[in-house]
Amino acid sequence: MSKWILGALATALFALAAGFFVSGGLASPANAQTITVYKTPWCGCCTAWIKHLQRDGLEVRVIEREDLAPVRASLNVPDELASCHTASVDGYAIEGHVPASEIRKLLETRPDAAGLSVPGMPMGSPGMETTSPPDAYDVILFSAKQQSVFASYVGRFPAEQAVGQ
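Under mature numbering (1 follows the signal peptide of the UniProt record, and there is no 0), the residues of the sequence shown are numbered -32 to -1, 1 to 133, in order.
Laid out in structure tokens, this is it:
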């Protein structure tokens, strides 16, 4: 090989290595997560929620089950926070129509909790889009001992932005 080709290869390799180290080496936890979604085979809103996650850049693995109660129990989701699908990502449970932005916030802040839930199936939440007026709902942060409001929404908008929408 000529010195020119070797020099060009060395320069390219150096640039690649420098870019790897400057960027932190690997993707950050909130940018390259795979979320595993457990859903029943017949649920259309679960499929719509999965598309919402994918549009936000999350990689989604889908597992269909006839009964999700054992999945919720294994992830310590309280019965009163149940919804139509359950997911897990990086050690956290995600129950129901949680907005992708809140999942990312959970992964960035890493609170001491079991996960997030949007109980029930609020109209206007991700996967439950409608032309009817949207519901107000809370995203609940939960652990074995407590529950608190992590975020509030009206449809797809955070509550503080929903005024006038």
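Even for Gly, the Cβ is constructed at its ideal location relative to N, Cα and C.
From a predicted model like this one, the values you see are computed outputs, not experimental measurements.
Per DSSP, the bridge partner or partners of residue i
i, result
"Arg29", "Thr4"
"Asp106", "Ser120"
"Thr54", "Tyr6, Glu63"
"Ser85", "Glu63, Ile108"
"Pro126", "Tyr121"
"Gln115", "Phe110"
Close-in-space but distant-in-sequence residues of the same chain around residue i (CB under 6 angstroms, 5 per side omitted)
i, result
"Gln115", "Ile108"
"Val57", "Gln1, Ile3"
"Gly(-8)", "The predicted position of Gly(-8) is uncertain, since its pLDDT is 42 and thus under 50; a value taken from the coordinates is nonetheless stated next. So no residue of the chain qualifies."
"Pro9", "Glu32"
"Pro(-4)", "Confidence is the limiting factor: at Pro(-4) the pLDDT is only 42, short of 50, which leaves the residue's position unreliable, though a coordinate-based value still follows. Only Leu75 meet the Cβ criterion."
CB of residue i within 7 angstroms of CB of residue j, strictly
i, j, result
"Leu36", "Ser85", "no"
"Ala81", "Ser111", "yes"
"Leu33", "Tyr60", "Strictly speaking, residue 33 in this sequence is Arg, with Leu absent from that position. Cβ atoms of Arg33 and Tyr60: not closer than 7 angstroms."
Own chain residues within Cβ distance below 8 angstroms of residue i, not counting five before or after
i, result
"residue 135", "Since the first residue shown for the chain is -32 and the last is 133, residue 135 is missing from the structure and cannot be characterised."
"Cys11", "Cys52, His53"
"Pro126", "Ala119, Ser120"
"Pro79", "Leu109"
"Arg124", "Pro67, Gly92, Ser93, Pro94, Glu97, Pro102"
Contact set for residue i: own chain, Cβ-Cβ below 7 angstroms, skip 5 residues either direction
i, result
"Pro90", "His65, Met96, Asp103, Tyr105"
"Leu21", "Ile3, Val28, Ala68"
"Leu74", "Tyr60, Leu84"
Anticipated Cβ contact below 8 angstroms, residue i with residue j, distance rounded
i, j, result
"Ile62", "Gly83", "6 angstroms"
is_contact[residue i, chain B] using C-beta, thresh 7 angstroms
i, result
"Ile71", "The question asks about chain B, but that chain is absent: this structure has only one protein chain."
Checklist entry - Does the stretch 31 to 42 touch the stretch 64 to 72, meaning 3 or more C-beta pairs lie closer than 8 angstroms? => result Put simply, the stretch 64 to 72 does not touch the stretch 31 to 42. Fewer than three CB pairs are less than 8 angstroms apart.
Checklist entry - Should the stretch 6 to 17 be called in touch with the stretch 81 to 101, which here means at least 3 C-beta pairs below 8 angstroms? => result Remark: three or more beta-carbon pairs, one from each stretch, lie closer than 8 angstroms, so the stretch 6 to 17 and the stretch 81 to 101 are flagged as touching.
Checklist entry - Should the stretch 2 to 11 be called in touch with the stretch 26 to 33, which here means at least 3 C-beta pairs below 8 angstroms? => result Judged by Cβ distances under 8 angstroms, the stretch 2 to 11 makes contact with the stretch 26 to 33, as three or more pairs qualify.
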